[in-house]
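Enquirer: Quick one: structure below, then a few questions.
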Amino acid sequence: MLLPDHFEFICPARTASGAKALEHLPGDLGTLNARKPLIITDKRGTEKGLVGQVVKAFRTWGLTLGVYDGAGPEADMGTVKALYNLYLDRGFDAILALGSGATVDLAKVVNIAVSGRPEDLARCQGVDGLAHPLNPFGFIPVAAGTARECGGEVVFGDLYFNSRFLVPDLVTIDPRMLTDEDPLRLVSTALAALTFAAEAYAGPRNPFVESYAQLVIGFVFEHLLDEVRQARAEKRRTARLTEGFSLKKGRLALVNAACMAGYVHANTSPGLAARLGTAIGHRSALDPALAMGIVLPCVLEDHAHRQGCDLSRILRPMVGLERFAATPRPQRFVAAMARIRYLFNELFVLTEAVVPRTLEDAGLTRDALEAVAEAAAASDPAPDSPQVCRTILEHAFTGRPVAP
Amino acid sequence: MRLPDYYEYCCRVKIVAGHDALEKIPGLLGSLHAARPMIITDKGVAGAGLLEVVTGALQDGVTIGAVADEVPSDSDFKVVRQLARVYRQNDCDAVIAVGGGSVMDTAKGVNILVSEGGDDLMAFTGAGALKKRLKPLVAVPTTAGTGSEVTLVAVIADHEKNLKIPFTSYFLLPDVAVIDSRMTLTLPDFITSQTAMDALSHAVEGYTCLAKNPVSDACALEAISLIAANLLKVVKNPGDRDGRLALATAATLAGMAFSNSMVGMVHTLGHSVGAVCGVPHGTCMAIFLPYGLEYNMHKIGDDAGELLFALAGDAVFARTPRDQRARKAVAFIRDLNQALYEATGGRHPRRLGEITGPDGKVRVPRARLPEIARVARGDASIFYNPEALDEDDLLMVLEAAWEGVPLDPARIRKG
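Chains A and B, in that order, give the protein sequences. Taking the working numbering, the leading residue of the first sequence gets 1, the next gets one more, and so forth. Taking the working numbering, the leading residue of the second sequence gets 1, the next gets one more, and so forth.
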C-alpha cells in the first residue's frame, strides 16, 4: 500500500510497563536530570496506599519527594497557584501525576506554569501555543481514565492547551498501582482508546501511528470482555489476592492501550466518532466515551463506503494474524465492524444492559440527534457534514450498519 | 499481542517523512529556536549531489552557518574535534547530519562538544554523563539502512589509541529525523539492496530476540512489510520515488524496533566479519539473516512464522500450514537474496565465499573463519540471541554461510 506524500510522528514519552516498573522511575527521572519530584494526586492516591508505593520505590535511591493529594474536579486556578508556589518554594524539579483525567490535567497546567512563568497559562493556550519543552513530567496511571492522559490536549476550566510538549516524558505502568475499578470505568476508558485508535486508520496512512493504533485495538479486543467479566465476578477480590499478578495482565494490557491511545491522539486530528461522542456527551447523560464507541462502526462504514477508504486492515489487530489472513479480503471490513458491534452486544449482556448497544438503548431521542449533528458538524470543514452526521446518528440510534 | 512481564520503550525523535520533507527543515529548526545550522556530511553524499538538494531546500528559510563534508567512513575523535571548532567559529546554533551511520555518529559527537563545551569527548562516555539537552540535531539519512537517525548511541573511534568508544544517552537522540525520498533516489542498486537488508535484519532480529516488546514488534512488522513489498521493485526501478520513501520509512521503523529490543547473532557475526575482513555491514546482514532464523528456530518458531505474514503477505501465510511457516520465512529471505543477486548483476552476494574486493580477490578467506568466530564471541549482541552460541557454534554457522548451504539441523544447539 502506498504511503502518503507527507507524514509525521512524534512520541516523546518513555514507557515502562510491568512488574516493578516504579522502581525504574527514579533512574528514569535521573536521565532527565530530575531528582526531586512533586507527586500530584487525589485523595484516593493517598488513601489506597498508592503514594506509599511510589515513596517506597524512591527511598531505595535515597531521593525525597513531595506529595499533594488535593487534586480532583474541584481544583481551580487557586489550586494551580498554590502548587506553583509549593513547587518553586520547595525546589522541586519534576512533577509526577498519579491518577487520571482531571488530576493529570491539573498537573500538566501546573507544569506549564512552573516551566516558564504563570502568565504562560494565558499566553500559550490553543494548538501549538507552547514554544519550549516543559520541566520533566511523569505519569503513573491507576487503571481507568480518559485515554487522553498521554496525549497533548489539556482542558482545565476555561483553559485549553494542545501541544506535544504536554505528552508526558515518562509513563510508568505498574500493576501495583492499578487499583480495582468499577468495570464501567474500565469500559469507558477502553472504548475511548478504541475510538482514537480506530479513527487513526481512517486518516491518511501513517505507519508510525498505525504501529501504536494496532496495539491499542489488539489489547482492547483481547482483554476488555475478560476484565469486565472478572471484575463482576462475585469472588473477584479473593481471586485477585490469591492469583496475583497473572490476573492483572489484562488490566495492565488495557492501561497500556489507554496510554498508547494518548500517543495516537497526540498525532492525529480528532475523528468524527470522537467529535460525535463528545457532542452527545454534552447533550445527554451518556458517557462520551460510550457514545464514541457506539457511533464508531457507523463512522468507519461511512468512511469506507462514501469516501472509498480501504479500512479492511483494521480487522488484523481485532482477530490476530491467523484469523485475519484466513478471512477473504472482501469480507475483512464487514467482519471488523461486526467485531465492534459484537463487543458492544457482549458488554450489554455482561453489564446487564448498563452499557448500551445503541443510542436508543442509551435513552436518547431522535429529536436530540439533530442538535448533536449540528454541533459535531460545526467543527468539521466538510460541506456535506451535517447530513453525514445525521445519517451516522440515525444508524447508530438503532444499531443498523451503514450500507454501501 | 504479547505483553511481557516488563518492558520499556522510548523513541523521542520527531519523524518527518515525505517526498518534500527537506523543505520542512527551516520551520522545524525555527520551532527548536535555531536559525544557523551547520551541515555535517561526507564526500560521497556531496559527490552524489545530495548536499545541493539539501541546501536548495534550506536556502530560503535559514542561513547555513557552515558545511563540512569531510566525515570519514568510520567516525573519529579528531574529526569530531575539528568539526566542533568549525561550528564554533561560524556561530552555528544547530547541526544537520546528512548521511549514513558514520555521519550520524560524528554529528552526535560534535553536538556533545558544542553543547557541553571543551574538546574532551572522553569526559562524556558512560551512562548519565550527559545531563541536559544538547543543541538541536536534525538527522537526514541517505542510506535507508542503519536507523541511526532514531538511535541514542554514537560509536566514535579514537584512532590514536585504536579504540572504538560508545556514547549512550537519550540526549544523543536527534530532535528530528527527516526522511526524504530524494536522499536515496540515486543510490546504486547493490547499495540499495544491502542497506535495505541491514534494515530488514534490524526488524527481524528486533522481532525475534530476547528484549522484544509490543511496540518494537509493531514497528518491526510494519518495517518488514514495507521492505518485502518494495525492495526488489526499487532495485529494478531505482527512480521509484514511492518505493524509495517506503524503504526509507521502513529503515526508520526498524531502527525504532531494534534500538528498543536489541539484536542477536546476525549482528554478532556481521560485526565480526566487518571487523576482521572489512566487509560492508549490509552485505553481512543479508548473508547471515537466514542463518540467524535457522539457528534460533526451535526457540522462536511462532515469531518466525509470523514473519512470513509480513514477508510474503497474508495469502501465502494463510495457505502455509503453521509448522511450515518459519521455514518458509527463511526460504523467502534466501529467495530474496537470490533475486537481488540476479537483479544487481551479482553485486549482492549470497554467501561469504563469493564476496570479492575491488582487486577481485576473495574478501573473507575460509582460513580466517576461526578468527572471526573468536572475535564474535566477545560481541555484546550475542547476549540477546534466543539460543546460546559458543565458538564452535559460531564457526559452524560461518562455515555454512561461507558455502551458502543451510545449517545442518543436527548440529544446532538445543538449549
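The beta-carbon is built from N, C-alpha and C at its ideal position, and this holds for glycine as well.
Quick one: which chain A residues come within Cβ less than 8 Å of lysine 416 of chain B?
Expert: The structure shown does not extend to residue 416 of chain B, since chain B is modelled only from 1 to 415, so the question has no answer here.
Enquirer: Secondary structure at alanine 177 of chain B, three-state DSSP: helix, strand or coil?
Expert: Note: alanine 177 of chain B maps to strand in three-state DSSP.
Enquirer: Is proline 136 of chain B near isoleucine 179 of chain B, with beta carbons less than 8 Å apart?
Expert: It is not a contact, given that the beta carbons lie outside the stated cut-off.
Enquirer: Go to phenylalanine 137 of chain A, then tell me how far its beta strand (DSSP E) extends in each direction, as first and last residue.
Expert: First-last of the beta strand (DSSP E) with phenylalanine 137 of chain A: 137 to 141.
Enquirer: Assuming asparagine 337 of chain B is part of the alpha helix (DSSP H), what are its boundary residues?
Expert: Taken as a continuous stretch (DSSP letters only), the alpha helix (DSSP H) holding asparagine 337 of chain B covers 325 to 343.
Enquirer: Give a yes or no on contact between the segment 360 to 378 of chain B and the segment 255 to 264 of chain B, applying the rule of three or more CB pairs nearer than 8 Å.
Expert: Output reads no: the segment 255 to 264 of chain B does not touch the segment 360 to 378 of chain B.
Enquirer: Whose CA, out of B:Ala254, B:Ala257, B:Leu289 and B:Met256, lies closest to the CA of histidine 271 of chain B?
Expert: Per the Cα distances, B:Leu289.
Enquirer: Could you tell me which chain A residues have their CB closer than 9 Å to the CB of isoleucine 15 of chain B, listed as they occur along the chain?
Expert: Within 9 Å Cβ-Cβ: Phe7, Glu8, Phe9, Ile10 and Phe208.
Enquirer: For phenylalanine 437 of chain A, which residues in chain B fall below 8 Å Cβ to Cβ?
Expert: Lying outside 1 to 404, the shown extent of chain A, residue 437 of chain A is not represented and no answer is given.
Enquirer: Do you know how far the Cα of alanine 250 of chain B is from the Cα of leucine 352 of chain B?
Expert: One C-alpha to the other measures close to 26 Å.
Enquirer: Would you say threonine 79 of chain A lies against chain B (beta-carbon separation less than 8 Å)?
Expert: Not closer than 8 Å to any Cβ of chain B, the Cβ of threonine 79 of chain A fails to qualify, so no.
Enquirer: For the segment 194 to 267 of chain A, which segments carrying the alpha helix (DSSP H) assignment without a break, of at least 4 residues, lie completely within its bounds, in sequence order?
Expert: The segment 194 to 267 of chain A contains these whole alpha helix (DSSP H) runs: 207 to 232, 236 to 243 and 245 to 266.
Enquirer: Residues of chain B with a CB under 8 Å from the CB of serine 163 of chain A: which are they?
Expert: Those within 8 Å of serine 163 of chain A in chain B number zero; the least Cβ separation is about 11 Å.
Enquirer: Give me the residue from A:Ala147, A:Ala143, A:Gly157 and A:Asn206 with the minimum Cα distance to alanine 122 of chain A.
Expert: Comparing Cα positions, the closest option is A:Gly157.
Enquirer: Glutamine 230 of chain A touches chain B at which residues, Cβ-Cβ below 7 Å?
Expert: Per Cβ cutoff of 7 Å: no residues; glutamine 230 of chain A is ~16 Å from chain B at best.
Enquirer: DSSP on serine 73 of chain B, reduced to helix/strand/coil?
Expert: Correct three-state label for serine 73 of chain B: coil.
Enquirer: So with CB distances below 9 Å, who are the chain A contacts of aspartate 20 of chain B?
Expert: Simply Asp5 and His6.
Enquirer: Report back the beta-carbon spacing between aspartate 105 of chain A and valine 155 of chain A to the nearest angstrom; my notes put them in contact at under 8 Å.
Expert: At roughly 6 Å, the Cβ-Cβ gap stays under 8 Å, so aspartate 105 of chain A and valine 155 of chain A are in contact.
Enquirer: What does phenylalanine 219 of chain A touch in chain B if you count any residue whose Cβ is under 9 Å from its own?
Expert: Correct list: Met1, Leu3 and Pro214.
Enquirer: Residues of chain A with CB closer than 8 Å to the CB of aspartate 242 of chain B, please, in chain order.
Expert: By Cβ distance, chain A contributes Leu2 and Leu3.
Enquirer: Tell me asparagine 237 of chain B's beta-bridge partners as DSSP assigns them.
Expert: Paired residues: none, contrary to the question.
Enquirer: Measure from the C-beta of alanine 118 of chain B to each C-beta in chain A and report whether the shortest distance is under 8 Å.
Expert: Note that residue 118 of chain B corresponds to glycine in the displayed sequence, not to alanine. Not an interface residue.
Enquirer: Closest to leucine 38 of chain A by CA distance: which of A:Lys108, A:Leu194, A:Gly101 and A:Ala102 is it?
Expert: Cα-wise, what sits closest to leucine 38 of chain A is A:Lys108.
Enquirer: Does any residue of chain A have a CB that is nearer than 8 Å to the CB of glutamate 306 of chain B?
Expert: At least one chain A Cβ lies under 8 Å of glutamate 306 of chain B.
Enquirer: Cα separation between valine 264 of chain A and phenylalanine 196 of chain A?
Expert: Their Cα atoms are separated by approximately 7 Å.
Enquirer: Exposed or buried, which one is proline 409 of chain B when buried takes at least 16 other CB atoms within 10 Å?
Expert: Exposed is the call here.
Enquirer: Would you kindly report the start and end of the unbroken alpha helix (DSSP H) that includes isoleucine 112 of chain A?
Expert: 101 to 115 is the extent of the alpha helix (DSSP H) around isoleucine 112 of chain A.
Enquirer: Report buried or exposed for tyrosine 160 of chain A, applying the criterion of at least 16 other Cβ atoms within 10 angstroms of its Cβ.
Expert: Tyrosine 160 of chain A is exposed by the Cβ-count criterion.
Enquirer: Nearest to alanine 338 of chain A by alpha carbon, out of A:Gln307, A:Thr278, A:Val402 and A:Leu186?
Expert: Taking only the C-alpha atoms, the option nearest alanine 338 of chain A is A:Val402.
Enquirer: Using a C-beta cutoff of 8 Å, does threonine 15 of chain A count as contacting chain B?
Expert: For threonine 15 of chain A, the answer is yes, since a Cβ of chain B falls inside 8 Å of its Cβ.
Enquirer: Counting pairs of beta carbons, one from the segment 31 to 49 of chain B and one from the segment 46 to 64 of chain A, are three or more of them closer than 8 Å?
Expert: No, they do not touch.
Enquirer: To which residues of the same chain is arginine 185 of chain A closer than 6 Å at the C-beta, ignoring the five residues directly before and after it?
Expert: The answer, listed in chain order, is Ala144.
Enquirer: Excluding sequence positions up to five away, which residues of its chain have a Cβ less than 7 Å from the Cβ of glycine 151 of chain B?
Expert: Sequence check: residue 151 of chain B is threonine here, not glycine. So the qualifying residues of the chain are Gly255 and Ser259.
Enquirer: Please state the DSSP three-state secondary structure of histidine 6 of chain A.
Expert: In the structure shown, histidine 6 of chain A sits in a strand (DSSP, three-state: E or B).
Enquirer: Using the three-state DSSP reduction, which class does alanine 35 of chain B fall into: helix, strand or coil?
Expert: Of the three classes helix, strand and coil, the one that applies to alanine 35 of chain B here is coil, per DSSP.
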